[in-house]
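Taking it in order: structure first as structure tokens, then the write-up.
Residue numbers (the numbering used here), protein chains in the order written: chain A, 1 to 386; chain B, 387 to 756.
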């Protein structure tokens, strides 16, 4: 087996509690996004476009749909003779196995996988962010600056900063301090949860962290602070572009809406940076003479007979005559009955909305969510489910 | 479970009057139905019927065929032992390419003898349908016929050309004529022939020995008195697509939701080469009515009664009416196209007006800038 310059480890075990009914039977990275994708498609496609051909996908929570979806990685060009994609669930060892205790522990338990490729660098990413990024550029900076660790950062507003891990950097961009979700942030440089480690350095810290019984075995909480304390060279790589954590229902809804503006920052039509996914086999979508569609994304396999405004329709959605859909995300194979109206909602896959049903309230700001496979009957109009 | 049928999609001398749509590609790879190629319908029907070994007999202009089919994995025909075989002519002399299809069967007899399947299904690529061949095999065995031919009762061929068939009261074919024949019948042949492999190989040898070299015209049509050739009636949607008029009119049939649902979903889905296009984007101010739109399209103007393939861009103020725009076509600002077929990568610049008629749509060749 050949050596690899960089191996990617993709953390995909997130439970996604804050996505409520959408992650009832589904790991967060497998949640549908953007009309035909699942969240994990973005990081996997980024890897492919960045020339990374060896990826370990660390799964834990509800892996069934995710594993089936990933298969052997063919849609992302990751079915390779040397390397390719490997799904790495927790496993039983001679002295008993255990669940992944934290993000760092998940990598620790798979050090054997990484060592098989004897890499110079390890890229640690997670499967719950929407962005397009060339990791090769980040690696170039990592090498140029002679760093041991490079953390991708993005500028956020000070108001939002308390939701993120916040970096303080010196004039050369080297990280001087790190605060996890500070109450009163004094910097607006947020960690994107994307790390490049020089492998020998990471290895050493993983072993040390594992030996520390009081550690929570987390990159943000334990590994990075320990490295900072020891004076390891931590570089910040400033990313400019679209990046969104879709960990909450509101942010998932927003990220879908972000795709709709006239010139969206995240351009799904970029021919040089296609987002790959498992393509469902559906014919082109049909819009009837009664249809009105604007400012929306419509995927193959849909039949639209009603009005769709500022919405994202996944494949196989049927929207009946005189139905109206506003500012909503309609996941695969949802059936919307005649005259039904949907305002600012996320409708889970295979749900059936009966004729005349009203979901959501145009006068309210909250996002209404209907779970997968639900049937909303005619006499049942939902303003708020969450 | 694997089928006992070996598939052959025979593109040898597959005649067409498709004008420039087949200038640089064979009939089998003419784009159809917003995201497919003609051959996808036959391949998908075979695969959905459990057929796991399919040969495509290529003859000319097959670069697009190889590009489209690749390893066959998009049709789940990428197997260890079976799968997809693209078989171009085996010849020392280019003149041999012109010979009849029986030569081709002869040259590729290894494909048949090396396969364990007992039956062979020989089809063409221009019959647009969705069909279960396993049912056909059951009927074939029950009738005790030597050869079963799929037929369809269809008076209106929308400009397509097909052989005419006459049957007796038990469904046995008594007469078969080319499309210009005078046979008074509403029954047409779908050019799908099911028979035992051994019979096919025998027909190939005996016909060639007699100086005959066309499978259907010589080996089958002229032996209807000696061979039991049975009809099997197909009830689903059929489009015979081998002329430009039939191409246009059958495409427009897809705008009927009943046709859309039956052709693309029943009894199985139609597969094609995957392209990673994003969902179609409708801008503010877009208008669409009675149209089929594939992924990757950007619609800023008006689209009525039309079919847009993947990656088509209809710019602001443009009007697309009764038209078929193939992959990556661009219709510029304030241009009007009506009864038009734009081949792949055609750009209509701003404020142009292109009009064709229903019986003779305006056809723009690949990569043209208008």
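Note that the Cβ used here is the ideal one computed from N, Cα and C, for glycine as well.
- CA-CA distance, residue 158/A and residue 189/A? Your numbering for residue 158/A matches position 158 in the first chain. Your numbering for residue 189/A matches position 189 in the first chain. Straight-line Cα distance between these residues: approximately 9 Å.
- Task: Determine the direct distance from the alpha carbon of residue 548/B to that of residue 278/A, and round the result to whole angstroms.
- Result: By 1-based counting over the first chain, the position of residue 278/A is 278. By 1-based counting over the second chain, the position of residue 548/B is 162. Computed Cα separation, rounded: 38 Å.
- Quick one: what's got a C-beta closer than 7 Å to residue 113/A's C-beta in the same chain, skipping five residues either side? Translated into positions along the first chain, residue 113/A becomes position 113. Here residue 113/A has 56, 86 and 88 as same chain residues with Cβ atoms under 7 Å from its own Cβ, once five neighbours each way along the sequence are excluded.
- Query: So residue 427/B packs on residue 515/B, CB below 8 Å; how close in whole Å?
  - Reply: Here residue 427/B refers to the residue found at position 41 of the second chain. Here residue 515/B refers to the residue found at position 129 of the second chain. Contact holds; Cβ gap of about 6 Å.
- Say whether chain B places a C-beta atom closer than 7 Å to the C-beta of residue 384/A. As a working mapping, residue 384/A is identified with position 384 in the first chain. Bear in mind that the predicted position of residue 384/A carries a pLDDT of just 45, short of 50, making it too unreliable to give a figure here.
- Task: Taking residue 295/A as the query, report the chain B residues whose CB atoms sit under 7 Å from its CB, ordered along the chain.
- Result: Taking the first chain and counting its residues from 1, one reaches residue 295/A at position 295. Near residue 295/A (Cβ distances below 7 Å), the residues of chain B are 668, 669 and 670.
- Message: Determine whether the beta carbon atoms of residue 636/B and residue 544/B lie at a separation below 7 Å.
- Response: Residue mapping note: residue 636/B aligns to position 250 of the second chain, counting from 1. Residue mapping note: residue 544/B aligns to position 158 of the second chain, counting from 1. Using a Cβ distance threshold of 7 Å, residue 636/B and residue 544/B count as a contacting pair.
- Task: Give me the Cβ distance between residue 359/B and residue 620/B, rounded to the nearest whole Å; I'm assuming they're in contact under 8 Å.
- Result: Outside the displayed span of chain B (387 to 756) sits residue 359/B, for which this structure offers no information.
- Query: Do we get a CB-CB distance below 7 Å when we pair residue 80/A with the residues of chain B?
  - Reply: Mapped onto the first chain, residue 80/A falls at position 80. Not closer than 7 Å to any Cβ of chain B, the Cβ of residue 80/A fails to qualify, so no.
- Item | Spatial distance of residue 227/A from residue 149/A (CA atoms) | As a working note, residue 227/A is residue 227 in the first chain. As a working note, residue 149/A is residue 149 in the first chain. Those two C-alpha atoms are separated by around 9 Å.
- Bounding residues of the beta strand (DSSP E) (the contiguous stretch that carries residue 245/A): Start at 1 with the first residue of the first chain, and residue 245/A comes out as number 245. Segment 243 to 245, the beta strand (DSSP E) holding residue 245/A.
- Message: Taking the alpha carbon of residue 441/B as the reference point, which residue from 490/B, 412/B, 420/B and 691/B has its own alpha carbon closest?
- Response: Counted from its first residue, the second chain places residue 441/B at position 55. Distance check between residue 441/B and each of 490/B, 412/B, 420/B and 691/B places 490/B closest, using alpha-carbon atoms only.
- Item | Neighbouring residues, chain A, relative to residue 396/B (Cβ below 8 Å) | As a first step, residue 396/B is located in the second chain; it is residue number 10 there, counting from the start. Ordered by position in chain A, no residue passes the 8 Å Cβ test against residue 396/B, which lies about 25 Å from the chain.
- Could you confirm whether any beta carbon from chain A is found closer than 7 Å to the beta carbon of residue 677/B? On the second chain, residue 677/B is found 291 positions in, with the first residue counted as 1. Yes, because at least one Cβ of chain A sits closer than 7 Å to the Cβ of residue 677/B.
- From what residue to what residue does the alpha helix (DSSP H) around residue 491/B run? In the second chain, the residue the question calls residue 491/B occupies position 105. Element bounds for residue 491/B: 487 to 493.
- Item | Residue from 389/B, 397/B, 423/B and 398/B whose Cα sits closest to the Cα of residue 660/B | By one-based count along the second chain, residue 660/B stands at place 274. Of the listed residues, the one whose Cα sits closest to residue 660/B is 423/B.
- Query: Are the C-beta of residue 646/B and some C-beta of chain C separated by less than 7 Å?
  - Reply: You won't find chain C in this structure, because its protein chains are A and B.
- Query: Are residue 351/A and residue 336/A closer than 7 Å when you measure CB to CB?
  - Reply: Position 351 of the first chain, counted from the first residue, corresponds to residue 351/A. Position 336 of the first chain, counted from the first residue, corresponds to residue 336/A. Not closer than 7 Å, so no.
- For residue 237/A, the first and last residue of its enclosing alpha helix (DSSP H): Position 237 of the first chain, counting from 1, holds the residue named residue 237/A. Here residue 237/A belongs to no alpha helix (DSSP H); instead the beta strand (DSSP E) covers 234 to 238.
- Assigned secondary structure, residue 164/A (DSSP; H/G/I helix, E/B strand, else coil): Within the first chain, numbered from 1, the residue matching residue 164/A stands at position 164. Note: residue 164/A maps to coil in three-state DSSP.
- Query: Which residues bound the beta strand (DSSP E) around residue 298/A?
  - Reply: One-based indexing of the first chain puts residue 298/A at position 298. From DSSP, the beta strand (DSSP E) with residue 298/A extends over 296 to 298.
- For residue 738/B, I'd like the list of residues in its chain whose CB is within less than 7 Å of its CB, leaving aside the five on either flank, ordered along the chain. The sequence position of residue 738/B within the second chain is 352, counting from 1. When the five nearest sequence neighbours on each side are left out, the beta carbons in the same chain lying within less than 7 Å of the beta carbon of residue 738/B are those of 718, 721 and 756, in order along the chain.
- Query: Secondary structure at residue 688/B, three-state DSSP: helix, strand or coil?
  - Reply: As a first step, residue 688/B must be located in the second chain, where it is residue number 302. Assignment of residue 688/B by DSSP, reduced to helix, strand and coil, places it in the strand class.
- Should residue 655/B be flagged as near chain A, meaning a C-beta pair shorter than 7 Å? Here residue 655/B refers to the residue found at position 269 when the second chain is read from its first residue. Using beta-carbon distances, residue 655/B counts as an interface residue toward chain A, with a partner under 7 Å.
- Message: Please classify residue 332/A as buried or exposed, where buried requires at least 16 other C-beta atoms within 10 Å of its C-beta.
- Response: The residue given as residue 332/A occupies position 332 in the first chain. Flag for residue 332/A reads buried.
- Message: Taking 7 Å as the threshold (C-beta atoms), are residue 376/A and residue 249/A in contact?
- Response: In the first chain, the residue the question calls residue 249/A occupies position 249. In the first chain, the residue the question calls residue 376/A occupies position 376. 7 Å or more divides the Cβ of residue 249/A from the Cβ of residue 376/A.
- Between which two residues does the alpha helix (DSSP H) containing residue 425/B stretch? Counted from its first residue, the second chain places residue 425/B at position 39. 424 to 434 is the span of the alpha helix (DSSP H), which, as asked, contains residue 425/B.
- Message: With a threshold of 7 Å between beta carbons, is residue 125/A in contact with chain B?
- Response: Locating residue 125/A in the first chain gives position 125, counting from the first residue. Taking Cβ atoms only, chain B never reaches closer than 7 Å to residue 125/A, which makes this a no.
- Can you tell me the Cα-Cα spacing of residue 355/A and residue 218/A, whole angstroms? Working through the first chain from its first residue, we reach residue 355/A at position 355. Working through the first chain from its first residue, we reach residue 218/A at position 218. Straight through space, the alpha carbons of residue 218/A and residue 355/A are spaced by roughly 49 Å.
- 8 Å CB neighbourhood of residue 495/B in its chain, flanking five on each side removed: Counting from one through the second chain, the residue named residue 495/B turns up at place 109. Closer than 8 Å at the Cβ level, and outside the excluded window around residue 495/B, lie 587 and 590.
- Task: Could you name the residues of the stretch 276 to 287 of chain A whose beta carbon sits closer than 8 Å to any beta carbon of chain B, in the order they occur along the chain?
- Result: Residues passing the 8 Å Cβ filter: 276, 277, 279, 281, 282, 283, 284, 285, 286 and 287.
- Query: Does any residue of chain B bring its CB to less than 7 Å from the CB of residue 300/A?
  - Reply: For the purposes of this step, residue 300/A is identified with residue 300 of the first chain, where counting begins at 1. For residue 300/A, the answer is yes, since a Cβ of chain B falls inside 7 Å of its Cβ.
- Message: Let me see if you follow: with CB-CB separation under 7 Å, is residue 274/A close to chain B or not?
- Response: Here residue 274/A is taken as the residue at index 274 of the first chain, counted from 1. Nearest CB-CB separation between residue 274/A and chain B: below the 7 Å threshold.
- Is any beta-carbon of chain B found at less than 7 Å from that of residue 316/A? Taking the first residue of the first chain as position 1, residue 316/A is located at position 316. The beta carbon of residue 316/A does not come within 7 Å of any beta carbon belonging to chain B, so the residue lies off that interface.
- Message: If you follow the alpha helix (DSSP H) that residue 47/A is in, where does it begin and where does it stop?
- Response: Within the first chain, numbered from 1, the residue matching residue 47/A stands at position 47. Following the DSSP letters along the chain, one finds residue 47/A inside the alpha helix (DSSP H) bounded by residues 40 to 49.
- Item | Counted within 10 angstroms of its Cβ, other Cβ atoms place residue 349/A as buried (16 or more) or exposed | Sequence index remark: in the first chain, residue 349/A carries index 349 (1-based). Counting Cβ neighbours within 10 Å, residue 349/A comes out buried, since at least 16 surround it.
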